[in-house]
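*Asks:*
4 protein chains.
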Amino acid sequence: MRTGMWLAGARGSVAVTSLVGALAVRACLAEPVGCVTELAPLRSPALPNLADLVFGGHDISELCLVKKAQSLVAAGVLPASIVDAVGDELSAVEAELRTPSRGHSQEETARQLIADLVSFRERHELDQVVVVNVTSTEPMPAAHPAHQDLGLLTEALKSEDVLPPSALYAYAAFSAGCSYVDFTPSVGARLPALDQLALAAGVPYAGHDGKTGETLLKSVLAPMFAMRNLHVRSWSGTNLLGGGDGANLAQPEANAAKVASKQRVLRETLGYEPEGHTRIDYVPDIGDLKTAWDLITFSGFLGSRMRMEFTWHGCDSALAAPLVLDLVRLTAAAHSRGLSGRLPQLAFFFKDPIGEVSHSLADQWRVLCEWVGGWNDTE
Amino acid sequence: MRTGMWLAGARGSVAVTSLVGALAVRACLAEPVGCVTELAPLRSPALPNLADLVFGGHDISELCLVKKAQSLVAAGVLPASIVDAVGDELSAVEAELRTPSRGHSQEETARQLIADLVSFRERHELDQVVVVNVTSTEPMPAAHPAHQDLGLLTEALKSEDVLPPSALYAYAAFSAGCSYVDFTPSVGARLPALDQLALAAGVPYAGHDGKTGETLLKSVLAPMFAMRNLHVRSWSGTNLLGGGDGANLAQPEANAAKVASKQRVLRETLGYEPEGHTRIDYVPDIGDLKTAWDLITFSGFLGSRMRMEFTWHGCDSALAAPLVLDLVRLTAAAHSRGLSGRLPQLAFFFKDPIGEVSHSLADQWRVLCEWVGGWNDTE
Amino acid sequence: MRTGMWLAGARGSVAVTSLVGALAVRACLAEPVGCVTELAPLRSPALPNLADLVFGGHDISELCLVKKAQSLVAAGVLPASIVDAVGDELSAVEAELRTPSRGHSQEETARQLIADLVSFRERHELDQVVVVNVTSTEPMPAAHPAHQDLGLLTEALKSEDVLPPSALYAYAAFSAGCSYVDFTPSVGARLPALDQLALAAGVPYAGHDGKTGETLLKSVLAPMFAMRNLHVRSWSGTNLLGGGDGANLAQPEANAAKVASKQRVLRETLGYEPEGHTRIDYVPDIGDLKTAWDLITFSGFLGSRMRMEFTWHGCDSALAAPLVLDLVRLTAAAHSRGLSGRLPQLAFFFKDPIGEVSHSLADQWRVLCEWVGGWNDTE
Amino acid sequence: MRTGMWLAGARGSVAVTSLVGALAVRACLAEPVGCVTELAPLRSPALPNLADLVFGGHDISELCLVKKAQSLVAAGVLPASIVDAVGDELSAVEAELRTPSRGHSQEETARQLIADLVSFRERHELDQVVVVNVTSTEPMPAAHPAHQDLGLLTEALKSEDVLPPSALYAYAAFSAGCSYVDFTPSVGARLPALDQLALAAGVPYAGHDGKTGETLLKSVLAPMFAMRNLHVRSWSGTNLLGGGDGANLAQPEANAAKVASKQRVLRETLGYEPEGHTRIDYVPDIGDLKTAWDLITFSGFLGSRMRMEFTWHGCDSALAAPLVLDLVRLTAAAHSRGLSGRLPQLAFFFKDPIGEVSHSLADQWRVLCEWVGGWNDTE
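Right, here's the structure in full:
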């Protein structure tokens, strides 16, 4: 099953780490640590192999992939020996990257994106293409009637800038018959008009916002408090990060979108919203090795007051990249099995999952295992 | 269903917090925060109500319950208003406490324990009695052939000190037709001879070692690393605590038993044993408000190295006491439904659960919910 | 030396903790823990004794002192037994508290404040009165020409609201011949016109912003990095607090004033400003037991990168209150020895000290000890 | 002033980091970050320049210096570019390293050490040689009468193994007219007989145990609590480290020596000993990037209970190496100015300083600055 992995934001840290890692793992230069589809309960003949993936993508930056990879070596994200070893193959991927061109209307811009996707699929005789959004977090867009209806949207695109870039990308992907994964908190495919389009086109989509650090911890700790009937009084979090992601999230609008995405797990898991805030601060020196600190105050039997703190020092790109590969493999398999529309079964991967799903990591894991296990039973 | 709750170690911090809490909750003076049998998925007509519990117990100390409760107020564990409000009822429990007498042989000591249990059951016309061990942690006993066989044990008790106190207690409980819960890491009922006795007597038992702090966190964090295919390189823990429990655990032998109990979850959940140690240090000033600090180093995609730390400031007695009440209710229900021998379904509550069970808290929770849910279906 | 301690904000947490503590210590009900003037190098016959202090003050609130003290018992700041023991004396202080009245002009308001201060001094035949500002943090005021010149100020007060409350208070104190201590980050006496007034009136003043937690730590840790020639790359801080102080600091303007006060120590001690921010978040549940978390990244020999974190769980009122008593004793002594204008020798107590002084706690301590020691030599 | 720096343990991590760093800084490849003698108050013409240092040493290992440096690159301690750049010079140092030979008696072993030192001095026409002990921590030796008296010692060395290696080294250094710095907690020169020898030989010595992490923090935090009259109730510390130092300190005897060295600062600074222990645990995965976690509980005004925690992630070799260079420069200067015996003025550098000195870092800094400043005045 030849599968295209098309990255929107292909020259960013997460994308390049994914590419280097995929090339390294399939050359047996590294173990697939961090790839969950390599764990026993998720191994399946229904998934394309890493070796079956063909890479392409868009980016507005023109920084070459090898240069970007070397900057990730300097930042301590990638090992020099791996980047050296896969350098030639990485350069070969350059030929598959495109600079998106901006048309006179959003319709025209979309048409160009679609052409790039179709051309990629045909050039490589791919069975399917998964588009993954790993661009920077956008501000929340203003509401617009065209977001609610595919007919209105099609019309509006001709004359108005009605979609934020992530959503225009989803529009193009679905129109081209590609599935779509949103790894960011941007709006992406989360508009009724786009859901209609995905269903009409018979393609599935997944999102939102890869769960890699503080929220991952929340998704196991909040259920722990709930299962033990302990009352969480406050949960406050501080995230310090540098890098391009940090610079972008220092913008108030992007910050608001991200913070909303991060808080949802508490409300959904506990059934109430504890006091406290989640902050994101840009500290360039910290680079990609993000530090999150959370303080949780809670009360137990007879009102006894207790607290816990944690500090998480995680390399965001290294945590995200293997999940991108997992999502491509899983979404491709879903697509090839005829699923279309939302994939709530992939909630395990996301801070702000689509659909009415459990926010407990363990529940999400079980759902995922059963879903993939079901494919094996029917092969 | 009138149920006796017989506490071995009835004047200790956990026991007295349980008693005060049970009296307060059934008088509607406090919410049952921390009691998991009050959560929707575990509510069941099969469980005795708190109001149906009758309290009794043994202790070698003679400190009166109200005095002990007042010392727990001073230590910040119990609120003064609650202790004042239940003082009279707490004093009434005094009448049901016994000082265990030591016979010429362990057989004779056991006979006296049995007599106390039977008398308690008959005096209060109880349907059943659950014996809960909340005494101090014992050293691991030396192996002895009589531990393997009930016949040999019965013989040996006449002439040798062959059982540590916690096991002699289990022997007495089973002989009296009572179920038994071991809330400590002591050997308790974990001897083949005692398992034979429980089965013969038709009584169930559960254990070992209530999971209230650091290990509770391990039971959600270790599965998180496993589910994400992240490699845990080291996991080091330090536990600082005062109080009687701290003083006892400062003894090397008790410390060893406890530490072994605390480490098992990592090996079982991760499938390998990371580097690092768990330490317990006695710091009297810290009292019952235990502090645990853990450092976890792990590696992800392409060898990236990351770490997390947590600090847990938890009041051990307040965390343990509601679980004692839960265990009594659940064990009583199991007994009344005819179950005997090990209750691996109660793994959720224990650091070192009996049987071949998952050590993931989420898995244990599901098992528990399905078990109790099954009773409701058949009522 | 009979000394008046007049509290602006007399019904707030810091003020009431100071009052309860002063009453308790002089009744030998508590040790003067936290009072630095009780340490050997600062003991001096030049200082008024606690027993010589007479208490009074202003507050816009009318909550009675005993009620406020009881709320501090509930919050875990004050012990019930102490509050009970000093209840009568605390009630007696009520008679010395006044509600400030607001005149038609700031001149008229000041006149009333002056009258209250003079009446207090005469009524109790005090040798001197120290006014301490422990009101809530104000926003930074807009600049005004009258701030620069006492003549202009005197004129402006007749017709304009030219001074923020803390500065009007300093104006009144100096006009009444009282010394003034600003324990908050508000502007207080920090205006050239007020400095002119203090010098003209022959009274000393001290400030700003009592150093009780995070900044106290910075004032020993930043010098440590400097003395070891380690390069601090970033210093990020998060402060979580509830209580009235937290609610006020959640206001953006007050927050800005506070944060500016907290950051100065780094720039002054290191000689450069590291990356990173200091945040203050309001979390009502945390109450007065503030939690601060700081992350410091630094580099050493040959560029090696290292980090440290600290968490501080400190009770702000309990940390501040003894320093208020110290400042009153020291300022009174300075006044009685004829000093007037700024007291940079008291930098030890403040986040944002007046004058060109060292921001290293150890240097500040030495300056303080030498200053007080000098008095002893000349007695 | 040509100065020899002779390293006992020349192939260990600290030694090799010192060598690489000295070579890099004098070639202007790196800034002297971490070298305190480069700070304004300690710059002095009395100190030998880094360019004047000549390197030699002993080690029982035969691992070549470049190999060791490369392993420190792999461990993240040294940057590859620096090690590459100084590789040739580092190889040149190889020629000055000797394997110590073990004689039939300690007297004979010492004679050989002396011959190596004298030969080094003469071969390079050095004005003086400073011997620095950076070998592994030894267990505390048993007491022996010969430790008390130089005459007895001289006699005993002929027939008994009366000195541990670090002390035999000090004996040889003094006998050869070299000064001696003990950077470890071993006994070193801390025996009356050796003090007599140093005075007789007219050479100075300094020690013990470089202060690089947890104890450095204690030496600023403990004075902070003392200056604020806050009562430290408990101070518990956990040190997790790998590397050769960690493996050695996991031995109970070495551990005991180290821990004793680490605790002294609290007793000396606070005037009493708080509860709590300092632990050292060997976690190979953590390598040279040591993690220390400390919990401090303290009480303030009216008994309010508070706590602070810190975590220190420091690279021990990188923190120690520049101090080794500082100590060599300062000890050489002291020697050349005619000082002999103990150098308590160097307490700033040590966990367990020689002599009756302050354990506050700020006090130690002032003493050091005044000492070096005094040399400048008299030049």
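Protein chains in written order, with the numbering used here: chain A, 333 to 711; chain B, 333 to 711; chain C, 333 to 711; chain D, 333 to 711.
Every residue gets a Cβ at the ideal spot worked out from N, C-alpha and C, and that includes glycine.
Since we're looking at a predicted model, the values are computed, not measured.
1) Going along the chain, which residues of its own chain have a beta-carbon closer than 6 Å to the beta-carbon of Asp626(D), five neighbours each way excluded?
2) Excluding the five sequence neighbours on either side, which residues of its own chain have a C-beta within less than 7 Å of the C-beta of Phe396(D), listed in chain order?
3) List the DSSP bridge partners of Gly389(B).
4) DSSP three-state call for Asn587(A): helix, strand or coil?
5) Looking at chain B, which residues of the segment 612 to 626 of chain D have a Cβ within less than 8 Å of any of its Cβ atoms?
6) CB Arg358(D) to CB His456(D), shorter than 8 Å?
7) Quick one: using the 10 Å Cβ neighbour count with 16 as the cut-off for buried, is Ser350(A) buried or exposed?
8) Looking at the C-beta of Ser568(A), does it have a partner C-beta in chain C at a distance below 8 Å?
9) Over the uninterrupted alpha helix (DSSP H) stretch that includes Asp443(C), give me the two end residues.
10) Using C-beta distances below 7 Å, list every residue in its chain close to Ser433(A), excluding the 5 sequence neighbours before and after it, in chain order.
11) Can you list, in chain order, the residues of the segment 632 to 646 of chain B whose Cβ is nearer than 7 Å to any Cβ on chain D?
12) Just checking: is the beta-carbon of Leu572(D) within a distance shorter than 8 Å of some beta-carbon in chain B?
13) Would His540(B) pass as a contact of Asp684(B) if the rule is Cβ separation under 8 Å?
14) Relative to the C-alpha of Ser672(B), which residue among Glu607(B), Cys510(B), Tyr614(B), Ala589(B) is closest?
15) 8 Å is my cut-off, CB to CB: does Asn580(D) come that close to chain C?
16) In chain order, what residues of the same chain lie with their CB nearer than 6 Å to the CB of Val450(B), ignoring the 5 residues before and after it?
17) Using alpha carbons as the reference points, say which of Val463(A), Leu489(A), Asp384(A) lies closest to Gln435(A).
18) How far does the alpha helix (DSSP H) with Asp648(C) in it extend, from its first residue to its last?
19) Skipping 5 residues on each side, what residues in its chain have a beta carbon closer than 7 Å to that of His609(A)?
20) Using a beta-carbon distance cut-off of less than 8 Å, what residues from the segment 486 to 508 of chain B approach chain A?
21) With 9 Å as the C-beta to C-beta threshold (strictly closer), list the residues of the segment 370 to 385 of chain B near chain A in chain order.
22) Are the segment 573 to 591 of chain C and the segment 530 to 537 of chain C touching by the rule of at least three beta carbon pairs closer than 8 Å?
23) On the three-pair Cβ rule with 8 Å, is the segment 628 to 645 of chain C touching the segment 580 to 587 of chain C?
24) Considering only the alpha carbon of each residue, which of Leu385(B), Asp384(B), Leu458(B), Ser498(B) lies closest to Gln438(B)?
25) In its own chain, which residues sit with a C-beta less than 7 Å from the C-beta of Val352(A), not counting the 5 before and 5 after it?
26) Output, in chain order, the set of chain A residues within a Cβ distance shorter than 7 Å of Gly608(C).
27) If Gly632(D) and Cys647(C) are in contact, beta carbons under 8 Å, what's the gap, nearest whole angstrom?
28) Taking only beta-carbon positions, decide if Thr547(B) is within less than 8 Å of chain A.
29) Name the DSSP bridge partner or partners of Phe682(C)?
30) Quick one: complete beta strand (DSSP E) runs, 3+ long, within the segment 550 to 612 of chain C?
31) Pick out the complete beta strand (DSSP E) segments inside the segment 464 to 545 of chain C, 3 residues or longer, and give them in chain order.
32) Expressed to the nearest angstrom, what Euclidean distance is found between the alpha-carbon atoms of Glu607(B) and Lys550(A)?
33) Using the Cα positions of Val398(C) and Glu600(B), report the straight-line distance between them to the nearest angstrom.
34) How many angstroms separate the CA atom of Lys622(B) from the CA atom of Gln677(A)?
35) Would Met731(B) and His645(A) be called neighbours here (beta carbons separated by less than 8 Å)?
36) Measure the CB-CB distance between Tyr537(C) and Leu675(C) and report whether it falls below 8 Å.
*Replies:* So, to answer that:
1) Gly569, Phe642
2) It should be pointed out that residue 396(D) corresponds to Cys in this sequence rather than to Phe. If we look at Cys396(D) and ignore the five residues flanking it on each side, its Cβ neighbours are Glu426.
3) Within the DSSP bridge table, the entry for Gly389(B) names Leu339(B), Leu429(B) as partners.
4) helix
5) Correct list: Asp613, Val615, Pro616, Asp617, Ile618, Thr623, Trp625.
6) no
7) buried
8) yes
9) It should be noted that the sequence gives Arg, not Asp, for residue 443(C). Note, Arg443(C): alpha helix (DSSP H), 438 to 455.
10) Cβ neighbours of Ser433(A) beyond the five flanking positions: Gln444.
11) Glu641, Thr643
12) yes
13) yes
14) Cys510(B)
15) no
16) Ala508
17) It is worth fixing the name first, because residue 435(A) is Gly in this sequence and not Gln. Cα-wise, what sits closest to Gly435(A) is Leu489(A).
18) 648 to 668
19) Ser568
20) none
21) Glu370, Leu371
22) Short answer: they don't touch.
23) no
24) Ser498(B)
25) Its chain contains Ala401, Leu410, Ile414, Val415, Val418, Leu422 as the residues whose beta carbon lies nearer than 7 Å to that of Val352(A), once the 5 sequence neighbours on both sides are disregarded; these appear in chain order.
26) Chain A residues near Gly608(C): Val615.
27) Contact check for Gly632(D) and Cys647(C): beta-carbon distance about 7 Å, within the 8 Å limit, so the pair qualifies.
28) No, Thr547(B) does not count as interfacial toward chain A.
29) Gly542(C)
30) 563 to 573
31) 511 to 514, 536 to 539
32) Taking the straight line from one Cα to the other gives about 25 Å.
33) C-alpha of Val398(C) to C-alpha of Glu600(B): approximately 57 Å in a straight line.
34) Between Lys622(B) and Gln677(A), the C-alpha separation is close to 40 Å.
35) Residue 731(B) lies beyond the residue range present for chain B, which begins at 333 and ends at 711; the question has no answer from this structure.
36) yes
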